[in-house]
Amino acid sequence: MWRLILALAMILPALAAPVQAKQERGANREAGADRSTKDLAGPTLYPGNGSYFLLVEDFTGSNNGVDWPEARVAAAKRQFKGRQGRLAVIDSPELYEWILATFDLGQYAHEGRTWIGLRYWCRFRQLTLANGEVYPDTGFTAWDRPWSRPGGQTCTSNAKLPYMSVYIEGTTGRWRATGYRKRFPFYLVEFPAPEGSTEKKASSERQDTGNGAH
């Protein structure tokens, strides 16, 4: 009898191991541990400035997506055609109309909320790009009303908040800002055309021609 008990003690854990492993894998997927990064659309060339744009879905480390600092770092690690990526700079209505038409953010889950390369510094009341460059007060914007995310952290509600990060509300096509630790699944990467490149020259020539026509 004791031999039978011993044999069962050795066999049962081995039989249970695959089931346990399957359960653990399922739990990890639910928690987002097995979910990583997926390129949803692009890179696609915008002829107006010679940049390529890429829409990324990112669940690295969380099933809620990534916060703005994480998206900024991830975008900067991307490379395409020898160009370093960055969170997208949207500085004209023409570019923004093209982005909305090309990527159709509203079709995705979570209202298609997508990080872009812009943040608002609470203390200085100033917008800057992801690289720290000041964004001009007269620069293009597409703010929603209210411009802050309902229920989210703001410069007023949290005196210690250094800045608010800007995202596109995919279902409305408008911009909003929220606390920089908020997580969204999507961000838009831009691969800018290098100075002197064929794409950069072509876009400059088109702009010059357009300006001369008015």
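Residues 2 to 215 (my numbering) are what the sequence shown spells out, left to right. Think of the CB as a built atom: it goes at the ideal place given N, C-alpha and C, for glycine as much as any other residue.
Handout entry: Where E58 falls: helix, strand or coil (DSSP)
Key = The count along the sequence shown starts at 1 and reaches residue 58 at position 57. DSSP places E58 in strand when its eight states are reduced to three.
Handout entry: Chain-order list of residues whose beta-carbon lies under 6 Å from that of E58 (same chain, five-residue window excluded)
Key = Counting from 1 along the sequence shown, the entry for residue 58 is found at position 57. Same-chain partners within the cutoff: K39, L41, P186, F187.
Problem - Y121 and A178 closer than 8 Å at C-beta - result: Looking up residue 121 in the sequence shown gives position 120. Looking up residue 178 in the sequence shown gives position 177. Cβ distance < 8 Å, so Y121 and A178 count as in contact.
Problem - Span of the beta strand (DSSP E) around L46 - result: Residue 46 sits at position 45 when you count from the first residue of the sequence shown. Run containing L46: 38-47, per the beta strand (DSSP E) assignment.
Problem - Helix, strand or coil at P195 [DSSP, three-state] - result: As a working note, residue 195 is residue 194 in the sequence shown. It is coil, neither helix nor strand.
Problem - Inter-residue Cα distance where the pair is R26 and V74 - result: Residue 26 sits at position 25 when you count from the first residue of the sequence shown. Residue 74 sits at position 73 when you count from the first residue of the sequence shown. At R26 the pLDDT is 36, less than 50, meaning the model places this residue with poor confidence; the figure from the coordinates comes in the next sentence. R26 and V74: Cα-Cα distance of roughly 28 Å.
Practice task
Drop a sphere of 10 angstroms on the beta-carbon of V90, count the other beta-carbons inside from all chains shown, and report buried for 16 or more, exposed for fewer.
Solution key: Stepping through the sequence shown from its first residue, residue 90 is reached at position 89. It is buried - the Cβ of V90 has at least 16 other Cβ atoms within 10 Å.
Problem - Contact set for L162: own chain, Cβ-Cβ below 7 Å, skip 5 residues either direction - result: The residue given as residue 162 occupies position 161 in the sequence shown. Only C123, Q154, C156, G180 meet the Cβ criterion.
Exercise for the section: Would you tell me roughly how many angstroms separate the C-alpha atoms of S63 and G49, rounded to the nearest one? Expected result: As a first step, residue 63 is located in the sequence shown; it is residue number 62 there, counting from the start. As a first step, residue 49 is located in the sequence shown; it is residue number 48 there, counting from the start. Computed Cα separation, rounded: 36 Å.
Practice task
Indicate the three-state DSSP secondary structure (helix, strand or coil) for G118 in the structure shown.
Solution key: The count along the sequence shown starts at 1 and reaches residue 118 at position 117. Correct three-state label for G118: strand.
Problem - One or two residues paired with I169 in a DSSP bridge - result: The count along the sequence shown starts at 1 and reaches residue 169 at position 168. In the DSSP output, where bridge partners are listed per residue, I169 has T115, W176.
Exercise for the section: Assign N29 to one of three DSSP states: helix, strand, or coil. Expected result: Counted from its first residue, the sequence shown places residue 29 at position 28. Summary for N29: the model assigns pLDDT 33, below 50, so the residue's position carries little reliability, and this model does not support an answer.
Exercise for the section: Taking all protein chains shown into account, decide if S52 is buried (16 or more other Cβ within 10 angstroms of its Cβ) or exposed. Expected result: If you number the sequence shown from 1, residue 52 lands on position 51. Result: buried.
Handout entry: Under the three-state DSSP convention, the category Y109 falls into
Key = Position 108 of the sequence shown holds residue 109. Correct three-state label for Y109: coil.
Practice task
Identify every residue that forms a DSSP beta bridge with L130.
Solution key: Residue 130 sits at position 129 when you count from the first residue of the sequence shown. The partner list for L130 (beta bridge, DSSP) reads L119.
Practice task
Starting from the Cα of T142, find the closest Cα among F125, R175, W69, E112 and give me that residue.
Solution key: Stepping through the sequence shown from its first residue, residue 142 is reached at position 141. The residue with the shortest Cα to Cα distance from T142 is R175.
Practice task
Look at G152 and Y109 and say whether their C-beta atoms are less than 8 Å apart.
Solution key: Residue 152 sits at position 151 when you count from the first residue of the sequence shown. Residue 109 sits at position 108 when you count from the first residue of the sequence shown. No, they are not a contact pair.
Practice task
For D105, collect the residues of the same chain with a Cβ closer than 7 Å to its Cβ; drop the 5 residues on either side in sequence, then sort them by chain order.
Solution key: Counting from 1 along the sequence shown, the entry for residue 105 is found at position 104. Counting only Cβ-Cβ distances below 7 Å, and skipping sequence neighbours, we find nothing.
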